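Q: Heads up: the sequence lines are chains A and B, in that order. First residue of the first sequence: 1, per this note's numbering; consecutive thereafter. First residue of the second sequence: 1001, per this note's numbering; consecutive thereafter.
There are 2 protein chains.
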Amino acid sequence: MTKERIYLYDTTLRDGQQTPGIDFSVEDKIAISAMLDAFGLDYVEGGYPGANPTDTAFFTEKRTARARFTAFGMTKRAGVSASNDPGLTALLQAKSDTICFVAKSWDYHVRVALGCTNEENLASISASVDAARAAGREAMVDCEHFFDGFKANADYALACARTALEAGARWVVLCDTNGGTQPVEVREIVGKVIAAGIPGANLGIHAHDDTGQAVANSLAAVDAGVRQIQGTLNGIGERCGNANLVTLIPTLVLKPAFAERFETGISAEALEGISRLSRNFDELLNRAPDAQAPYVGASAFATKAGIHASALIKEPQTYEHVPPETVGNRRKVMVSDQGGKANFIAELKRRGIDVPKDDNRLDALIAVVKEREAEGYAYEGADASFELLARRFLHTVPEFFRVNSFRCMVERRYDANGALKTVSEAIVKVSVDGEEKMSVAEGHGPVNALDIALRKDLGKFQNEIADLELADYKVRILNGGTEAITRVLIESLDATGARWSTVGVSDNIIDASFQALMDSIIYKLMKNREMAGLVAAE
Amino acid sequence: MTKERIYLYDTTLRDGQQTPGIDFSVEDKIAISAMLDAFGLDYVEGGYPGANPTDTAFFTEKRTARARFTAFGMTKRAGVSASNDPGLTALLQAKSDTICFVAKSWDYHVRVALGCTNEENLASISASVDAARAAGREAMVDCEHFFDGFKANADYALACARTALEAGARWVVLCDTNGGTQPVEVREIVGKVIAAGIPGANLGIHAHDDTGQAVANSLAAVDAGVRQIQGTLNGIGERCGNANLVTLIPTLVLKPAFAERFETGISAEALEGISRLSRNFDELLNRAPDAQAPYVGASAFATKAGIHASALIKEPQTYEHVPPETVGNRRKVMVSDQGGKANFIAELKRRGIDVPKDDNRLDALIAVVKEREAEGYAYEGADASFELLARRFLHTVPEFFRVNSFRCMVERRYDANGALKTVSEAIVKVSVDGEEKMSVAEGHGPVNALDIALRKDLGKFQNEIADLELADYKVRILNGGTEAITRVLIESLDATGARWSTVGVSDNIIDASFQALMDSIIYKLMKNREMAGLVAAE
């Protein structure tokens, strides 16, 4: 049996941008669209060009290679021609493959929000789709409030969908804008829409999570015949969020109820990247990943000490609904470190460090890593710090230099002219080959001043770190309140294009930053030696 | 038409206890069972007496007044009589109204995990239910892996259910233990179970969220005929969690698809307490509530988009699937650069600030908010800073005190014994009523030291801020690299239980923290005056 294709449409950069607390810069949007494109989604909706300067700037170029790059906007206003509507003009000027128009399909909203007649709204839909097609774009129409509209006036909701298709739209997307529709209702209404002559092959679903059923509503719609799903990474979105693509995709690919009938653009191999995709996205948002997230959460395959654990070790399929590797996640049995040791050996091997299973330095290293992770270190996101720690245990890392002391000072006062002024300064004392060097620097803040002072004079190593750059600096407070523990993650890069991440943890943000800065410099010096084949000679 | 009763069964204290990172003390369990009982749940499962000292201690008394207090445990082992099974004995000694036995119903698990015959397992179910009934308890049986078991061997899964009922169990609960079953499958299998002669009135559903559909699976089961739902507060539970009762209950009570057919023990009035219940539970777990949680999250009725906001203010039902008051939540029109003038007026009104639409200070305020948000301020997460900014524009905020200067210092060095030591110190100079005061403090880091020094001596205001506490401190780096801009969000609370959030932005983390700390103190002083009716007198 040939499988039917389900198209995946990502709206992280548009509906996701409506999440309270989330605001993407152009750089964020570029990074996220690249992640989505590489993962294999069919459509990447980038935003609403013309509505704000960020989105307009983002659409000055096409940002995807494989995925259809999509611009979102409203249908033209009633009473003006398509060519005289400034919103539509901005949309047509945006560099996109596809234009997704949002159109009212609930007559009540046509009256209250648009203040035009039902017929004028249909004419707007038709003229907007025409204009997009004339400009060489694929057109689609998001029917806002479709389900509520259908309950109130089915004929009019259907007329909106039909008008869009007749004008040449590739897709008509049924939106549960307020998010209150139940799966049984979605299934029933989609069935009626298809029975009314609108082909499922042209239908999409856009669900919100206001009753915790955005995923179920999307799947119910697919089961009832729609062939496109709109959703977001990690389910961000207005109010309670949109349908979570990170949850939906593994279900579509792995669960027989769907996998036997449908295929998506995501291969089994690509699916193994979904845990990483989800975590990288949270990292970019600088928020803690949800440990209980389906498929990709740190706890999704975790079993706590108890009746399940021993059975799980003997026969994983007894307590796992899918194998964790299929989604790039891993089993976590919290009662025993047996799985842990094998993981460690594999992680070390990946870095060129071979350790026999019975080497007892390995047990000591595992114990230290567990202890430090309990304190807040996150080695999963700090490869270079993990490698340094391991090499310190298993081989030796040379003490290239030693920081004898540092001092950071931030002073804020009114200057002679009565203007507020804040000055940050750092002083560092370093020993290199027995010689003490003292450096001082000003910076934008205490960490920046410390970083500059630390890298100002490392004697014979100075040339080697000249190309070291801080690419990113992230701070997370691990527990709130006054006893807060701070975790700092630093990403560094050099002229070869290499990137590495280091971590520091302390109740003092300066201390945590210092640890991560030090690890970064030492890692760079170590790598230089390794590349030059000098490690043995040290 | 008389409505059918749905029974709500809470397993927060048992399956919820399996959540990685969550461990309840006896005191926690007492507090939580009181919350659940007061809210109106039908069953409160308290734990597994005999399995660990906490649960055994918790079951030395009956802990609920209205709800049926339920003890969980395994059916008796094969090969011993009920009276010789120590696990069963502990269960019968526990002070409970109901005993919930977990029984294997997948023949594969009977073989692999129990190592007994199918018939011996049925005999254990029967004997265990008998023993509970003989001890005067209501009995119920959780059929573990029921759906996977039914797919593998429907006859045996049904035999387990039937055996439990024939022995006199009030309920047989169909458990999706591994959490991978899809709603379509739940619906189909429940239908077959009822068709096989097991009455829906005796059936319950126990769903896990491994595909993000625990709520949908529970509702599909109800629709197909079961009359009891097991779940937890805020969806905690093993791996991805259990069905979230906080999401399920409003849907059952408010959504016509269910409310027209069913009733629960939760009245419309009690339902208004559900947001508080959810937040109090997170408070007890000491974790930040999920802002996007359906019905009860801080963002569940929040609107950021300008186009939605004006319609929302005119006619809330246009963009709300249920009225927020019905679940004790509230509408939130976000102040953000996406929102329009209507947002602003509504937000100001909510804070008791009335501004006419044509007041041109309003336009100036909107311009300043937009400019500051472009710099990185996030007023939607910092209510108190927004209110202060607005009041400064529209009325006046007294200058209670003035910070003339501050200095923070962090020093790290080796002490006389060669141990590393980091010291953080801050000095603050403040003018109150023309008198300069100088305070110095040490802290865990520079921000902590600054906070302590700042609040050490504010002269006549000192008593007023004695109960001010930092509840949370968050840092976000808005753009990576060395030119990073830092945003600090601070949540404060006082003895009245009031909480407020303030924001600071700067390229210097100390400066950003200082702004947020200052806003917090000034907001508190302003609120004190407002409550005392003194604003006019200032």
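For glycine and all other residues, C-beta sits at the position ideal for the given N, C-alpha and C. Small disclaimer: the values here were computed from a predicted structure and weren't measured.
By DSSP, does Thr89/A sit in helix, in strand, or in coil?
A: The answer is helix: DSSP assigns Thr89/A an H, G or I state.
Q: For Lys421/A and chain B, any beta-carbon pair shorter than 7 Å?
A: No, no contact with chain B.
Q: Please confirm if the region 1126-1140 of chain B is in contact with the region 1176-1196 of chain B, defined as three or more CB-CB distances below 8 Å between the two stretches.
A: Cβ pair count under 8 Å is below three, so no.
Q: When the distance is taken between beta carbons, is Thr1422/B closer than 7 Å to Asp148/A?
A: Result no, Cβ atoms of Asp148/A and Thr1422/B do not sit closer than 7 Å.
Q: Roughly how many angstroms lie between the CA atoms of Ala1426/B and Pro1446/B, to the nearest whole one?
A: Those two C-alpha atoms are separated by around 7 Å.
Q: In three-state DSSP terms, what is Leu8/A?
A: If DSSP states are grouped into helix, strand and coil, Leu8/A belongs with the strands.
Q: I need the DSSP call for Ala305/A, collapsed to helix, strand or coil.
A: In this prediction, Ala305/A scores a pLDDT of 49, lower than 50, which makes its location untrustworthy; no coordinate-derived value is stated.
Q: Quick one: is Tyr43/A buried, meaning 16 or more other Cβ sit within 10 Å of its Cβ, or exposed?
A: When all chains shown are included, Tyr43/A counts as buried.
Q: Between Glu1399/B and the rest of its own chain, which residues show a CB-CB distance below 6 Å, the 5 nearest in sequence each way excluded?
A: Result list for Glu1399/B: empty, nothing under 6 Å.
Q: Measuring straight from C-alpha to C-alpha, what distance separates Ala159/A and Cys1240/B?
A: Cα to Cα, Ala159/A sits roughly 42 Å from Cys1240/B.
Q: How would you call Gln1213/B, buried or exposed, if buried means at least 16 neighbouring beta carbons within 10 angstroms?
A: By the neighbour-count rule (16 or more Cβ atoms within 10 Å), Gln1213/B is buried.
Q: Here's the rule: buried if 16 or more other CB atoms are within 10 angstroms of the residue's CB, otherwise exposed. What is Pro1294/B?
A: Buried.
Q: Give a yes or no on contact between the region 1118-1131 of chain B and the region 318-333 of chain A, applying the rule of three or more CB pairs nearer than 8 Å.
A: Touching, no, given that fewer than three Cβ pairs across the two stretches are closer than 8 Å.
Q: Rounding to the nearest angstrom, what Cα-Cα distance links Asp1209/B and Ala419/A in this structure?
A: Distance between the alpha carbons of Asp1209/B and Ala419/A: 57 Å.
Q: Cβ atoms of Ile1205/B and Ile1229/B: under 7 Å apart, would you say?
A: Yes, Cβ-Cβ distance for Ile1229/B and Ile1205/B is below 7 Å.
Q: Since Asp1142/B contacts Cys1100/B with CB under 8 Å, what's their CB separation in whole angstroms?
A: That belief holds up - the Cβ atoms of Asp1142/B and Cys1100/B are roughly 6 Å apart, short of 8 Å.
Q: Find the nearest neighbour of Lys1437/B within the set His1444/B, Asp1451/B, Arg1402/B, judged by alpha-carbon distance.
A: Of the candidates His1444/B, Asp1451/B, Arg1402/B, the one whose C-alpha sits nearest the C-alpha of Lys1437/B is Arg1402/B.
Q: How close, in whole Å, do the beta carbons of Lys1039/B and Leu1277/B come, if the pair is a contact with beta carbons under 8 Å?
A: Correcting the residue type first, residue 1039/B is Phe in the shown sequence and not Lys. That pair is a contact at about 6 Å.
Q: Take Gly1443/B and list the residues in its own chain whose beta-carbon comes closer than 6 Å to its own, dropping the five residues that flank it on each side.
A: Around Gly1443/B: Ser1424, Ala1449, Ile1452.
Q: Alpha carbon to alpha carbon, how far is Glu1380/B from Ala154/A? Give it in angstroms, no decimals.
A: Distance between the alpha carbons of Ala154/A and Glu1380/B: 38 Å.
Q: Among Lys76/A, Glu435/A, Ile490/A, Arg351/A, which has the Cα closest to the Cα of Asn404/A?
A: That would be Glu435/A, whose Cα lies nearest to the Cα of Asn404/A.
Q: Taking the straight line between their C-alpha atoms, what separation do you get for Asn1280/B and Asp15/A?
A: In a straight line, the C-alpha of Asn1280/B is about 30 Å away from that of Asp15/A.
Q: Flag this pair as yes or no: are the beta carbons of Glu1375/B and Val1222/B separated by less than 7 Å?
A: No; because the gap between Cβ atoms is not below 7 Å, this pair is not in contact.
Q: Bridge partners of Glu612/A, per DSSP?
A: Not covered by the structure: residue 612/A. The range shown for chain A is 1 to 538.
Q: List the residues of chain A whose Cβ lies closer than 7 Å to the Cβ of Asp1107/B, in chain order.
A: The premise fails here: Asp1107/B is roughly 12 Å from chain A at the closest Cβ pair, so nothing lies under 7 Å.
Q: Between the C-alpha atoms of Gln1048/B and Ser218/A, what's the straight-line distance to the nearest angstrom?
A: The sequence shown places Tyr at residue 1048/B, not Gln. Straight-line Cα distance between these residues: approximately 38 Å.
Q: Please confirm whether Val1410/B has its beta-carbon closer than 7 Å to some beta-carbon of chain A.
A: Yes, contact with chain A.
Q: Identify which residue in Arg412/A, Thr502/A, Val475/A has its Cα closest to the Cα of Ile485/A.
A: Nearest option by C-alpha distance: Val475/A.
Q: Using the three-state DSSP reduction, which class does His395/A fall into: helix, strand or coil?
A: Reduced to three states, the DSSP call for His395/A is coil.
Q: Could you name the residues of chain B that Phe301/A contacts, counting a contact when the two beta carbons are closer than 8 Å?
A: Chain B residues near Phe301/A: Arg1239.
Q: Grab the span of the alpha helix (DSSP H) containing Leu1041/B for me, first residue to last.
A: Leu1041/B -> no alpha helix (DSSP H), and no H or E assigned at all.
Q: Okay, do the region 22-37 of chain A and the region 49-66 of chain A touch, 3+ Cβ pairs below 8 Å being the bar?
A: Yes, since at least three Cβ pairs between the region 22-37 of chain A and the region 49-66 of chain A fall closer than 8 Å, the two stretches touch.
Q: So what's Gly1197/B in DSSP terms, helix, strand or just coil?
A: Reduced to three states, the DSSP call for Gly1197/B is coil.
Q: Please determine, among Leu1517/B, His1145/B, Phe1386/B, Glu1004/B, the residue with the shortest C-alpha to C-alpha distance to Ala1207/B.
A: Minimum Cα distance to Ala1207/B is reached at His1145/B.
Q: Answer yes or no: do Thr54/A and Val26/A have a C-beta to C-beta separation smaller than 7 Å?
A: Cβ atoms of Thr54/A and Val26/A: closer than 7 Å.
Q: Look at Leu1493/B and Glu1469/B and say whether their C-beta atoms are less than 7 Å apart.
A: Yes, they are a contact pair.
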